[in-house]
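A.B. asks:
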DNA sequence: CAGTATCCCCCCTGATACTG
DNA sequence: CAGTATCAGGGGGGATACTG
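Residue numbers (this note's numbering), protein chains in the order written: chain Z, 1 to 162; chain B, 1001 to 1162.
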């Protein structure tokens, strides 16, 4: 996928992560994969995405190593798209978005889907960030230690100035 | 910001969250805000974003209630853009992206910025999701309990079919 | 400094039709 | 079903100039 600017080489991990899966559809596909969808048509129907776009996105995610193609579980001639380890480790990204969405993108009492612990069937707890010694941390307890003064993006990399 | 398709009304919190802050620049702006940037020019220089785009994005984030404008701390005639509570609670989204980026978007020994606990100056721990009873959970321990069979997006909401 | 205004291009997106 | 091919459009995105 060609982009205007590339964040693939910036020193900030957030930038690189967004470069990989920060586009409009990718995380939704990953979310659906967590929900058990595997087939082209399942993604297409569930997302309402155009086939061409879906093809591009799936290929991109496969190239990135987030999804992999495996022989279809139902024995058909096609492939299933399943999460790799790299893809499964996007779990907390999806969960963090889910929790924020639940907290701030719904009106009171407006129903939404919920993430449940399969063992107990009860909703999961809140995500937490802790210090090495176990103290819970919020944004005000942390700083980014920058390792170099490099700019956030690699200036002019994407397009020669006219 | 006008989009082709709107996810603002889907029942999945992930979709709604992405509808709000899932575009190319918004989370980068939020990340910079966590890093202490407040001024228009700071964002503009650090992101390398065009001024017009930045204006649009900042306004969108203010409209969403993620950022708010406050009188400039240096007494100048302009405004500072600071995170609201809603914005600060995107912290874990940014952290999850950061940790995934650190794990999968850098070569071995390639330097990257790190999030440190200000008190100890040491890198923070890993994000964790736990069940209500305290057990750590991974993606395979959870399921989404869907509350209605509504489609992921509101079909045809954005554009009448031709 | 902090935007606004304008121009323009390219790519993303979506729709439709087609193939094995 | 699982894509590929093709086309049209619209808007995101960048550069530049301008304003208070």
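Built from N, CA and C at the ideal position, the CB exists for glycine as well.
1. Identify the contact partners of residue 1128 of chain B in chain Z, using a Cβ-Cβ distance below 9 angstroms as the criterion.
2. Could you check how far apart the C-beta atoms of residue 105 of chain Z and residue 1017 of chain B are, in whole angstroms? I think they sit under 8 angstroms.
3. With 8 angstroms set as the bound, which would you pick, yes or no: does the beta-carbon of residue 1146 of chain B sit closer than that to a beta-carbon of chain Z?
4. Going along the stretch 1103–1118 of chain B in order, which residues come within less than 9 angstroms of chain Z, judged by CB to CB distance?
5. Which residues bound the alpha helix (DSSP H) around residue 1063 of chain B?
6. Suppose only complete runs of 4+ residues qualify. What are the alpha helix (DSSP H) ranges in the stretch 1073–1113 of chain B, listed by chain order?
7. Less than 8 angstroms between the CB atoms is what I'm expecting for residue 1131 of chain B and residue 19 of chain Z, so what's the real figure, rounded?
8. Answer yes or no: does any C-beta atom of chain B fall closer than 8 angstroms to that of residue 22 of chain Z?
9. What is the DSSP secondary structure of residue 1131 of chain B, counted as helix, strand or coil?
10. With distances taken from CA atoms, which of Z:78, Z:112, Z:30 and Z:45 is nearest residue 58 of chain Z?
11. What distance in whole Å lies between the Cβ atoms of residue 1091 of chain B and residue 139 of chain Z, which are believed to be in contact at a cut-off of 8 angstroms?
12. Evaluate residue 1053 of chain B with the Cβ neighbour count: other Cβ atoms within 10 Å of its Cβ, from every protein chain shown; 16 or more gives buried, anything less gives exposed.
13. Which term fits residue 98 of chain Z, buried or exposed, when burial requires 16 or more other beta carbons within 10 angstroms of its beta carbon?
14. Excluding the five sequence neighbours on either side, which residues of its own chain have a C-beta within less than 8 angstroms of the C-beta of residue 80 of chain Z, listed in chain order?
15. Which of helix, strand or coil does DSSP assign to residue 8 of chain Z?
16. If you reduce the DSSP assignment to three classes, tell me which class residue 1027 of chain B lands in.
17. Buried or exposed: where does residue 111 of chain Z fall if 16 or more other Cβ atoms within 10 Å of its Cβ makes it buried?
18. Going by DSSP in three states, residue 1038 of chain B sits in which element: helix, strand or coil?
C.D. replies: Taking the structure as given:
1. 92, 127, 128, 129 and 130
2. 6 angstroms
3. yes
4. 1103, 1104, 1105, 1106, 1110, 1111, 1112, 1113, 1114, 1115, 1116, 1117 and 1118
5. 1051–1064
6. 1085–1088 and 1091–1104
7. Rounded, the Cβ-Cβ distance is 33 angstroms, inconsistent with contact.
8. yes
9. coil
10. Z:30
11. 4 angstroms
12. exposed
13. buried
14. 38, 39, 69, 70, 71, 72 and 73
15. coil
16. helix
17. exposed
18. coil
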